[in-house]
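Colleague:
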Amino acid sequence: MTEQIKKETRKIGLKDIPVAVVSPLKKAQSGLSALASLAKGMRLTFSYFRRPSKIVTQQYPENRATLKFPPRYRAMLKLIYEDNGYHRCTACGLCDKACPNGSIKVITRKGATTGRVELDRYIWRLDSCVMCNACVQACPFDALEMGHEFENAVYDRRLLVFNLNRYAGPPASVMLKAEESLRPAMTEKRDRYGGPVPLNGAQIPVVKPLTIQEGDL
Amino acid sequence: MDLIYTMTTSAAATDVITLADRASAAVDTNIWLSILYMVLALVSIGALTAVLGIVLIYAERKIAGHFQCRLGPMRVGPHGILQTVADTLKLLLKEDVVPASADKAMHFAAPLMSLMATVLVLGVIPYSPILQVTDVNIGILYVTAVSGLGVMGILLGGWSSNNKWSLVGGMRAAAQMISYEISATLSVLVMVLFASTLSLNGIVQSQESGWWIWRAHGTGLVAFVIFIIASTAEINRTPFDIPEGESELTGGFHTEYSGLRFAFFFLSEFINMFAASAIAATLFLGGWMPFYIEGFETFNKITSLLPPTLWFLGKTAFLIFIFMWFRWTFPRLRVDQLMRLEWKILLPIGFINLIAAAVIVLTKFYFFPV
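In order, the protein sequences belong to chains R and W. Residues 1 to 217, numbered by the numbering used here, are exactly what the first sequence covers, in order. Residues 1001 to 1370, numbered by the numbering used here, are exactly what the second sequence covers, in order.
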């Protein structure tokens, strides 16, 4: 801006109010740029209009099978299981500490064969979780992720507190070092609703538990 | 069909038969035939209003959806085509709430007045050479006058609701519509100058060798743009929808309206949009006149293969699409910006344009043969 805006005062009521004086050329220029920006907006909306592929609306629930999720969609917390069926959790408890409202409780035990601290139960409270992703970011081993299961309505709120881990035992890195024959003895199966959770193994005949994934129980 | 072809392709295109003509011709020989024509006119205008309401509201919602990466209504009927029917039923069944301190009579009359003003315009629009209720010889003046009545309905609605937001909305609507009426009329005058008639059918027939938008030496184009902007403001659509102004006035003049009365306001808004598009198409884009170029006989024959009604509907639909495109792209103007646009920008341009057109017509100073 090389051109100085002249300052003038105009009497409005009893006061002299400073008024910026803009040359007619400047006014015309700004008018033209306003028109150009309107045209730009119209071009954008029309480009959406003629490209149905850009539509984000999904016809839920008809499209349950083909639901598309945005890359950062956050719903059910999951422990990541490697192809060999072992998780990566070392039970360090950083997620437990990172959780802003205590929705995560990591219960550890001493491994029978290794003698080291390992995961016993990974208890997660869906009812109080705010899906803030802090646990996933805190995890140094990439053992956690936010899954996409969002149909989580249940008839009994006790069903919303459960174990995430399928087995109690060391993570994949330790398991793979151990001999194949020793591995079954190092792990112990963990029920989704067993242990120190409100349901504690009880059966509610009418009520179905939350989506049970493959390999659970 | 043959009738339409011969009418448009030959010099007999000037023979316009309106329903009013038929009724008055039959009055001496058969009074019942005459009455039948009048009833037919009433019924067809009523049916047109209903069909336009259903089609335009569905189109608006669908188009709005696609402009915003959405789908619009999808559930009622295939691709939601019965959505408007469902909405209408809902509005009919809803309780009609009238505020306790409202002016009952005016509160009742306002939506009717608003709807009446728009429906009356439909009577003089030439849909095709044989499809018009009546060809008033001051047609465009009549349209301007009658559509101006719509302001009364909105102002009455705002006043009689006894609600400060409604009143502010109504006052804004009145200020806005009266202001933009001037610009719209100025651009209409340009076309009247070139066509040298006020009859809408006369204006259509004057465009037989080309539409006024480009035959009027640039003044037509300027007038067209001004007319489109001004009529967007007159029919209260975004970016000029400050009378409604949801974010500041909770609905403006129709805040206190519910059920069928609200439906009337809503319907009149959409019929207004159709009327504005139809008038713009008639004045600037040749109405039902197919795309003709003088001297190119074969080309003219090909363009007149499409019946005039479809030409008219196509042009009107295009302009309606433009209005909807505006609505779903532009943000709402502030009140002072709205007034500045009219009185400081559109009005001077309109006057200059009118004077230029007058000079062109008077001195026959044509850059190329008209």
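By construction, the Cβ of each residue, glycine as well, lies at the ideal position given by its N, Cα and C atoms. Treat the numbers as computed from the prediction; the structure is a model and nothing was measured.
If you measure from the CB of residue 1300(W), is any heavy atom of the ligand ZN nearer than 6 Å?
Modeller: As presented, the structure is devoid of all ligands, the ligand ZN included, so that no description of it is given.
Colleague: With burial defined as no fewer than 16 other Cβ atoms inside 10 Å of the residue's Cβ, what is the status of residue 1006(W): buried or exposed?
Modeller: For residue 1006(W), the predicted structure reports a pLDDT of 39, less than 50, and the residue's modelled location is therefore unreliable. A value from the coordinates is still provided. With fewer than 16 other Cβ atoms within 10 Å, it is exposed.
Colleague: Any Cβ of chain W within less than 7 Å of the Cβ of residue 123(R)?
Modeller: The beta carbon of residue 123(R) does not come within 7 Å of any beta carbon belonging to chain W, so the residue lies off that interface.
Colleague: For the region 155 to 188 of chain R, which residues have a beta carbon sitting closer than 7 Å to at least one beta carbon of chain W?
Modeller: none
Colleague: Please list, in chain order, all residues of the same chain as residue 1160(W) whose beta carbon is under 7 Å from its beta carbon, the five residues on each side excluded.
Modeller: For residue 1160(W), where only same-chain residues beyond five positions count, the Cβ hits under 7 Å are 1102, 1103, 1106, 1107 and 1110.
Colleague: Below 7 Å between beta carbons: does that hold for residue 1080(W) and residue 1204(W)?
Modeller: no
Colleague: Assuming the contact rule is C-beta atoms closer than 8 Å, residue 1263(W) and residue 1319(W) should be a hit. Round their C-beta distance to whole Å, please.
Modeller: Not a contact, Cβ separation roughly 24 Å.
Colleague: Just grab the DSSP bridge partners of residue 1128(W) for me.
Modeller: Listed as beta-bridge partners of residue 1128(W) by DSSP are 1131(W).
Colleague: Is it right to say residue 1012(W) is buried, meaning 16 or more other beta carbons lie within 10 angstroms of its own, or is it exposed?
Modeller: Because the pLDDT at residue 1012(W) is just 40, under 50, the model does not fix this residue reliably, and the value given afterwards should be weighed accordingly. The residue in question, residue 1012(W), is exposed, as its Cβ has fewer than 16 Cβ neighbours within 10 Å.
Colleague: Residue 1066(W) CB to nearest chain R CB: under 7 Å?
Modeller: Proximity of residue 1066(W) to chain R, defined by a Cβ-Cβ separation below 7 Å, is satisfied.
Colleague: Kindly indicate which residue of 20(R), 86(R), 46(R) and 80(R) has the alpha-carbon position closest to the one of residue 1069(W).
Modeller: With distances taken between Cα atoms, residue 1069(W) lies closest to 46(R).
Colleague: Given residue 1361(W), which residues of its chain have a CB within under 7 Å of its CB, disregarding the five upstream and five downstream residues?
Modeller: 1193 and 1194
Colleague: Please decide whether residue 1347(W) counts as near chain R, where near means a Cβ-Cβ distance under 7 Å.
Modeller: Not a single CB atom of chain R sits nearer than 7 Å to the CB of residue 1347(W).
Colleague: So that I know if they touch, is there some Cβ in chain W lying closer than 7 Å to that of residue 42(R)?
Modeller: yes
Colleague: Taking the beta strand (DSSP E) that residue 162(R) belongs to, which residues open and close that run?
Modeller: Counting along the chain, the beta strand (DSSP E) containing residue 162(R) begins and ends at 161 to 163.
Colleague: Using a threshold of 7 Å, state whether the C-beta atoms of residue 171(R) and residue 64(R) are closer than that.
Modeller: no
Colleague: In terms of DSSP beta bridges, what is residue 8(R) paired with?
Modeller: 19(R)
Colleague: The alpha helix (DSSP H) that contains residue 1203(W), what's its start and end?
Modeller: 1200 to 1205
Colleague: Take the Cβ of residue 1337(W) as the centre, count every other Cβ of all protein chains shown within 10 Å, and call the residue buried at 16 or more, exposed below.
Modeller: Under this definition residue 1337(W) is an exposed residue.
Colleague: Looking at chain W, is there any beta carbon in it that lies within less than 7 Å of the beta carbon of residue 48(R)?
Modeller: yes
Colleague: Can you tell me where the alpha helix (DSSP H) holding residue 1347(W) begins and where it ends?
Modeller: 1347 to 1363
Colleague: Just list the alpha helix (DSSP H) runs in the region 136 to 200 of chain R, keeping only unbroken ones of 4 residues or longer that don't cross its boundaries, in chain order.
Modeller: 172 to 177 and 183 to 186
Colleague: Could you tell me the alpha carbon to alpha carbon distance between residue 86(R) and residue 1055(W), rounded to whole angstroms?
Modeller: 59 Å
Colleague: Look at residue 163(R) and residue 190(R) and say whether their C-beta atoms are less than 7 Å apart.
Modeller: yes
Colleague: Can we say the region 1129 to 1145 of chain W touches the region 1221 to 1236 of chain W, given the rule of at least three CB pairs closer than 8 Å?
Modeller: no
Colleague: Do we get a CB-CB distance below 7 Å when we pair residue 12(R) with the residues of chain W?
Modeller: no
Colleague: Run through DSSP, which three-state label would residue 1329(W) get?
Modeller: coil
Colleague: In chain R, what lies closer than 9 Å to residue 1330(W) by C-beta?
Modeller: Ordered by position in chain R, the residues that pass the 9 Å Cβ test against residue 1330(W) are 38, 41 and 42.
Colleague: According to DSSP, is residue 1146(W) part of a helix, a strand, or is it coil?
Modeller: helix
Colleague: Would you mind giving the Cβ-Cβ distance between residue 1118(W) and residue 1272(W), rounded to the nearest angstrom? I have them listed as a contact below 8 Å.
Modeller: 5 Å
Colleague: So, does the CB of residue 1237(W) fall closer than 7 Å to a CB anywhere in chain R?
Modeller: no
Colleague: With which residues is residue 79(R) paired in a DSSP beta bridge?
Modeller: 144(R)
Colleague: Taking a cut of 7 Å between CB atoms, which residues from the region 54 to 70 of chain R lie near chain W?
Modeller: Residues passing the 7 Å Cβ filter: 54, 55, 56, 57 and 59.
Colleague: Is residue 1327(W) near residue 1242(W), with beta carbons less than 7 Å apart?
Modeller: no
Colleague: Give me whichever residues DSSP pairs with residue 109(R) in a beta bridge.
Modeller: 118(R)
Colleague: Is residue 1174(W) near residue 1151(W), with beta carbons less than 7 Å apart?
Modeller: yes
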